[in-house]
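6 protein chains.
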Amino acid sequence: MSEPTLSPETRELLETVSVATLATALYKRGLRNQVIQDVRPVARKGRNMVGPAFTLRYMPAREDRNQLVEFRNPKHPQRHAIETCPPGHVMVMDSRKCAKAASAGDILITRLMMRGAAGVVTDGGFRDAMNIGELEMPAYHNRPSSPTNLTTNEAIEINGPIGCGDAPVFPGDIVVGDDDSVIIIPAEIADEVAREAVDMTAFEDFVLSRVKSGASIIGLYPATMDANLEEFARWRTENAR
Amino acid sequence: MSEPTLSPETRELLETVSVATLATALYKRGLRNQVIQDVRPVARKGRNMVGPAFTLRYMPAREDRNQLVEFRNPKHPQRHAIETCPPGHVMVMDSRKCAKAASAGDILITRLMMRGAAGVVTDGGFRDAMNIGELEMPAYHNRPSSPTNLTTNEAIEINGPIGCGDAPVFPGDIVVGDDDSVIIIPAEIADEVAREAVDMTAFEDFVLSRVKSGASIIGLYPATMDANLEEFARWRTENAR
Amino acid sequence: MSEPTLSPETRELLETVSVATLATALYKRGLRNQVIQDVRPVARKGRNMVGPAFTLRYMPAREDRNQLVEFRNPKHPQRHAIETCPPGHVMVMDSRKCAKAASAGDILITRLMMRGAAGVVTDGGFRDAMNIGELEMPAYHNRPSSPTNLTTNEAIEINGPIGCGDAPVFPGDIVVGDDDSVIIIPAEIADEVAREAVDMTAFEDFVLSRVKSGASIIGLYPATMDANLEEFARWRTENAR
Amino acid sequence: MSEPTLSPETRELLETVSVATLATALYKRGLRNQVIQDVRPVARKGRNMVGPAFTLRYMPAREDRNQLVEFRNPKHPQRHAIETCPPGHVMVMDSRKCAKAASAGDILITRLMMRGAAGVVTDGGFRDAMNIGELEMPAYHNRPSSPTNLTTNEAIEINGPIGCGDAPVFPGDIVVGDDDSVIIIPAEIADEVAREAVDMTAFEDFVLSRVKSGASIIGLYPATMDANLEEFARWRTENAR
Amino acid sequence: MSEPTLSPETRELLETVSVATLATALYKRGLRNQVIQDVRPVARKGRNMVGPAFTLRYMPAREDRNQLVEFRNPKHPQRHAIETCPPGHVMVMDSRKCAKAASAGDILITRLMMRGAAGVVTDGGFRDAMNIGELEMPAYHNRPSSPTNLTTNEAIEINGPIGCGDAPVFPGDIVVGDDDSVIIIPAEIADEVAREAVDMTAFEDFVLSRVKSGASIIGLYPATMDANLEEFARWRTENAR
Amino acid sequence: MSEPTLSPETRELLETVSVATLATALYKRGLRNQVIQDVRPVARKGRNMVGPAFTLRYMPAREDRNQLVEFRNPKHPQRHAIETCPPGHVMVMDSRKCAKAASAGDILITRLMMRGAAGVVTDGGFRDAMNIGELEMPAYHNRPSSPTNLTTNEAIEINGPIGCGDAPVFPGDIVVGDDDSVIIIPAEIADEVAREAVDMTAFEDFVLSRVKSGASIIGLYPATMDANLEEFARWRTENAR
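Chains as they are written, first to last, in the numbering used here: chain A, 1257 to 1497; chain B, 1257 to 1497; chain C, 1257 to 1497; chain D, 1257 to 1497; chain E, 1257 to 1497; chain F, 1257 to 1497.
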């Protein structure tokens, strides 16, 4: 599981497509469970979060191992993860879909942003969410959760394979988030999926413009009538898509 | 179950009352479960959605029946429903309270709006919710859901009786949504309930104005003291309610 | 369980700290479950709600005891609670974590505000939430819920010990809510916790300013390096914290 | 809320009817929520549990108030409740539908039996359930739960009105449990409901005997054909029902 | 959707294989969701239930349409379904995964058995479950549920496509239940799946006999070592499988 | 995290105490979450399961990585785990509390038993549960689950730290299961906890014998009256406890 790279070209393409379109592109390949279920932006950013996954896994906290003193350990996995997540990556946290206590708070998430991360996702909740929402870096969670993460979470593994919101996440998989949700693209197919999604987006934009002009979706979406395919070809040329 | 009609007068009345007030009017008639549970506006509109219900029922998707190619069928029930929902109606989708995959996306919902529908409700989730929220037509769901609807939903029946968010919905029942939630009024009693709710709203507005002036609710809400009923009569005259 | 008082000094301190910080201060004392789970502001206020708890307990409604006529009783516990909650207090409602029907609506909550309450919390939902959100007084709930409270809730006890969102609440405990969530501080330790939280907040603000300047969290948060403690001392002086 | 009495005659009648039949009798009176949801016998007894409700309410445990030392207090509400529940009564525990920690264990439940109680119900779980199931006294819960009750439960009130499994329970209401589930009959109507349920049971037994002989349910259940009513009259005479 | 037939040969084969084996056979064909989730035998029968599906769909009950008097209608869909389910079929009920009120009781289920049905499944609960469990005909549900079905369920459609426990069910699909759970086999592939499952069962029985003799599963299950395939061939001959 | 050992003495002691008693012993040490929530015996054994934990972690299955062909890999983690779990150990599976698909089936569990394992626990479900329940080796799960584990589970890690039913489990921790549930004892304190639990059990047995003779629990449980402590001392001598 060596770290794949995300080419600048693919990153740029992925910034222009929606999670919904990517979900359909993966569905075509038999992948049905790549959208992280039941997470949302802490605050909407109006732009995509894109980057390779850098993962952190939490397990249920055992009280004797999770006193506040633990954070004094410079190698505490939660803090160590924050300090080692590579720039441009998205930190993805497996919090066992439990938002009863925090996955992290604003100090750690701000540090993550300062270190150049592209974003952060947890299937639990962030404390200080009101502050995290105001950061420039996108963050996604289930809901605000103010109790310290020690209450229920022990950070146990950095950058291994995890589940997040019932989606499988391998380190280096490409994470894309928009104002609706977050999806995980297997690293091996990120380039081709990105290109395909850009084409699909062009078609969807064409369809939407036609629908807004009063066209029926029958024969247009999908384009079972040849006339619509020809019109789409013209539209692409005219709109440089 | 012939299609009842919604008179322009009743529609107008229903645009001026809240779902909460309607819920109480139905409660008086022994109807306790008409509010669709756990749906919310994709985006708040500051006005009511009103119209007769046109329903669509989803069942769990069987993989061999739900490949992308299905959408090429011009009679595919999901697309056919969108193209046959009468103007002024609200499309209500029974998605079995499951938001793991989409009930529909922005292209279909935009088409529904272009065809003159009054709104759309699902007890699942919409993909492209960020776009659907910006449409003029109101839409209600549980939460954004980006996976294509084929992942878990097969549209199986148009305009039959359904459940939506644990509420019973018959085609032609009157649907009213405000910035809080959505309620189903049985078609047969929509006119009388609308009139009663307008009266109740007048009284509630009167009470609220009195409460804001410092009045106690005891004897006022409900108006067990005659003085309050007399004052309400004056208030109605003065305020042309 | 005599009514403790909240000193003006402590109230002022608690207006300046976050629920997250208070949660950590209570965690140090072995209290892990004081944050009310899964409630949120009806509308964000940008300031803290602070006050002693005045409680109301609901039990499941039995239909013969919960017809609309019950509200004509001037001693109906729900209305009586609204009219007896002392100024400056926060009304906390145990709605058994059920938002299928309302805990209260805008008329009652407005009256509560007019009587000088500091806020209101339910682990169910409010009807007329769109109006309650516009009141100056903060309100917290799970989600909007339009059905009248009689549908599932009977108000049964005023100002006894309750659970709210799985947190234990005793009358007179100090309630603090921010734009993320709500916490319950046992009355006996409110003063010391408030002071400690103010100190913790100063340190967190210092850390955040350092992190925003590019500092690593290792050695800083917590401050295991002496240099950071010295810098913090200087920062406090310079910033009059 | 003075303690009503359960006459020996009514107790005897209630020992011969099922919870299902009682639920229908209450449904006729507009009471739809009297069955305690999602509890089951710790072990099936093949006979009914019948008795007036004696209630115990738990609230979420606050750690500083719920150390093992608390049990040394002879007036600790949990132990005090066990020692004061009147003979012939059923102890009903409001455990907030949470089985993460125990509502009680075998020592307390054995003591309750020795004191002559008719049974015990919790909407949480019992520890030592394997032993409790072997007692002669019936017990109902959600599932076995081994953690000590202090972990999440503080006994806070004896014999007040409570919710149990979403059913409203007032002290003195009549509790009936069979091998399927448990129902709460309001004390005021227990006598008439018991008599009616006995008649209904006779009819159901008659119907079942006819169905087992090959009869259709149409016209028989309910008995819309007069011939069936006449036959039922004969059957009652012949079978001394 | 004409009614397919189940040949006596296929029925016989399906009586000898487990739901688990059938689930794997369907998994090979891309069908992942055919097991009805979270239902169990009312009582274990030690033999399989097999038959084509005859479906009944419930919607949420509207109070004015669901009084006890409704059952006097000889065409009431619930009773009509019981009286029209063909012999040898399994009645499958879509109760919207809600066991708060009954899907049916012992009188109806006994009548269904007398009419020759092969079994019954609901994703809700049965009342009189203690009696239904003693019938010879297999029955599956989520849990006992004593309230009359009118409380939350209105029978609305007979023999249409439904969901049951998140599995898609079309009339005529082949239903197989064992002591663990229930699966739905699409009618078109029932014959081939039955034959394949019988072969798979033979292999699994062979493997189990070898494992019980101490063999490792590596190379044996699946049989990647040729020796094991040869041994299996011998075993089939010797055991007439 | 080197493998701790379980002494024969401690194993023997742990075979004589209940999970409930162990839970209280751990509660005294501040450990509140060591009972695995919501698992139960596949079939009751009437004796304890005891052994050090050998763990297996599942993550959500990605379809392209989880076809049946994967099982041909002799190093597939699920099969490899079965073949490497040391004799006397309990295999504990983190199935993310999801029983929609199996954690394992009877062939693998039988092999595990043949290799000398002391038992197996999953917070998901077993397929072929009806067969697994008949094995001599104890097994615990949430409920039977017939779909092949590939449907939702990919075995990803052997013998790392995991969560199981919200309890933290480290390899080598001591697992004890009785007919009610399963608990995890941190390896470091297993010896002392075992000894303490044996003493507690003696006292509980003494108390139970006294309660069955009619004694009150006040002053006896806990033994705040000296007379009871003296009587207990005599009882221990007489009963050789």
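Using N, Cα and C, we set each Cβ at its ideal position, and we do this for glycine too.
Rounded C-alpha distance that separates residue i from residue j
| i | j | result |
| --- | --- | --- |
| E1271(F) | V1376(A) | 46 Å |
| T1404(C) | T1280(B) | 6 Å |
| D1320(E) | A1357(C) | 20 Å |
| S1351(C) | A1411(D) | 18 Å |
| R1383(B) | M1305(B) | 21 Å |
| E1486(B) | G1470(B) | 18 Å |
| L1476(F) | E1339(D) | 12 Å |
| E1259(F) | P1342(F) | For E1259(F), the predicted structure reports a pLDDT of 49, less than 50, and the residue's modelled location is therefore unreliable. The matter cannot be settled from this model. |
| R1451(E) | V1432(E) | 14 Å |
| I1430(F) | G1307(F) | 6 Å |
| E1444(B) | A1317(E) | 17 Å |
| F1426(D) | G1416(D) | 7 Å |
Endpoints, the beta strand (DSSP E) within which residue i is located
| i | result |
| --- | --- |
| I1412(F) | 1409-1414 |
| Y1396(C) | 1395-1397 |
| I1418(E) | 1418-1420 |
| R1466(F) | Unbroken run through R1466(F) is the alpha helix (DSSP H), 1446-1468; no beta strand (DSSP E). |
| Y1283(B) | Premise fails: Y1283(B) lies in the alpha helix (DSSP H), 1275-1284, not in any beta strand (DSSP E). |
Chain-ordered neighbours of residue i on chain D, where CB pairs are closer than 7 Å
| i | result |
| --- | --- |
| D1434(C) | Simply none; closest approach about 21 Å. |
C-beta neighbour in chain A for residue i, strict 8 Å
| i | result |
| --- | --- |
| I1439(F) | no |
| M1370(B) | yes |
| L1312(B) | no |
| M1257(B) | Low confidence applies here, because M1257(B) scores a pLDDT of 41, under 50, leaving its location unreliable; read the following figure in that light. Not closer than 8 Å to any Cβ of chain A, the Cβ of M1257(B) fails to qualify, so no. |
| T1480(C) | yes |
CB contact check: residue i to chain D, cutoff 8 Å
| i | result |
| --- | --- |
| G1286(C) | yes |
| R1296(E) | no |
Residues that residue i contacts on chain I, provided the C-beta gap is smaller than 8 Å
| i | result |
| --- | --- |
| A1423(E) | In summary, chain I is missing from the structure at hand, where the protein chains are A, B, C, D, E and F. |
Below-8 Å beta-carbon distance, residue i vs any chain B residue
| i | result |
| --- | --- |
| E1448(E) | no |
| N1289(E) | yes |
| P1333(C) | no |
| N1427(C) | Per the sequence shown, residue 1427(C) should be read as Pro rather than Asn. No - not a single Cβ of chain B is within 8 Å of the one on P1427(C). |
Under 7 Å by beta carbon: chain A residues contacting residue i
| i | result |
| --- | --- |
| V1463(C) | I1363 |
Neighbouring residues, chain B, relative to residue i (Cβ below 8 Å)
| i | result |
| --- | --- |
| P1442(E) | R1318, D1320 |
Beta carbon proximity, residue i to chain F, threshold 8 Å
| i | result |
| --- | --- |
| S1472(E) | yes |
| P1400(E) | no |
Where residue i meets chain D, residues with beta-carbon distance less than 9 Å
| i | result |
| --- | --- |
| E1410(C) | P1417, P1424 |
Short CB-CB distance (under 8 Å) between residue i and chain C
| i | result |
| --- | --- |
| A1299(B) | no |
Cross-chain neighbours of residue i in chain F, by beta carbon under 8 Å
| i | result |
| --- | --- |
| E1460(E) | I1363 |
Start and end residues, alpha helix (DSSP H) containing residue i
| i | result |
| --- | --- |
| I1441(D) | Segment 1438-1441 is the beta strand (DSSP E) holding I1441(D); no alpha helix (DSSP H) there. |
| T1311(F) | From DSSP, T1311(F) is part of no alpha helix (DSSP H) but of the beta strand (DSSP E) over 1305-1316. |
Cross-chain neighbours of residue i in chain C, by beta carbon under 7 Å
| i | result |
| --- | --- |
| V1275(B) | S1402 |
Residues that residue i contacts on chain A, provided the C-beta gap is smaller than 9 Å
| i | result |
| --- | --- |
| G1475(C) | P1330 |
Along the stretch 1315-1330 of chain C, where does the CB come closer than 8 Å to a CB of chain B? Name the residues. L1324, F1327, R1328, P1330
Beta carbons nearer than 8 Å to chain F: which residues of the stretch 1376-1398 of chain A have them? Only those residues of the stretch 1376-1398 of chain A whose C-beta falls short of 8 Å from the nearest C-beta of chain F would be listed, and there are none.
According to a CB-to-CB cut-off of less than 9 Å, which residues of the stretch 1338-1364 of chain F neighbour chain E? Listed in sequence order: I1338, E1339, A1355, K1356, A1357, A1358, G1361, D1362, I1363, L1364.
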